[in-house]
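Numbering (my numbering), first residue to last: 754 to 833.
Structure below.
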């Protein structure tokens with residue numbers, strides 16, 4: 754597996770470190786960030802996504818909250 758470090762939240766304390774890596778073979782992002790609160794998860798489930806799609810969260814998935822300041826590290830199609 755080849756990972757590329759993309760960024761860490763600016764001025765992060767040593768014990769809190771939202772971080773983003775790029776899996777260079779698949780283009781997937783690996784994100785370490787804050788867990789969404791129960792209220793945030795409930796709100797997402799109430800809003801839903803597409804008709805007929807469950808809002809249950811499978812055991813192998815989770816909700817994370819990505820701070821807005823981290824968006825600058827997410828690759829865009831025009832990034833080369």
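All C-beta atoms in this analysis are idealised placements derived from N, C-alpha and C, irrespective of residue type, glycine included.
>> Mapping the DSSP letters down to three states, classify residue 824 as helix, strand or coil.
In response: helix
> If you draw a straight line from the C-alpha of residue 790 to the C-alpha of residue 819, how long is it?
Replying inline: 12 Å
>> Rounded to whole angstroms, what is the Cα-Cα separation between residue 776 and residue 799?
In response: 32 Å
> Hey, quick one: how far does the beta strand (DSSP E) through residue 803 stretch, first residue to last?
Replying inline: Here residue 803 belongs to no beta strand (DSSP E), and DSSP marks it neither H nor E.
>> Could you pull the DSSP bridge partners for residue 818 from this structure?
In response: 787
> With 16 other CB atoms within 10 Å as the buried threshold, where does residue 811 fall?
Replying inline: exposed
>> Report the CB separation of residue 784 from residue 817 in whole angstroms; it is logged as a contact under 8 Å.
In response: 6 Å
> Pick from 771, 756, 805: whose alpha carbon is nearest that of residue 821?
Replying inline: 771
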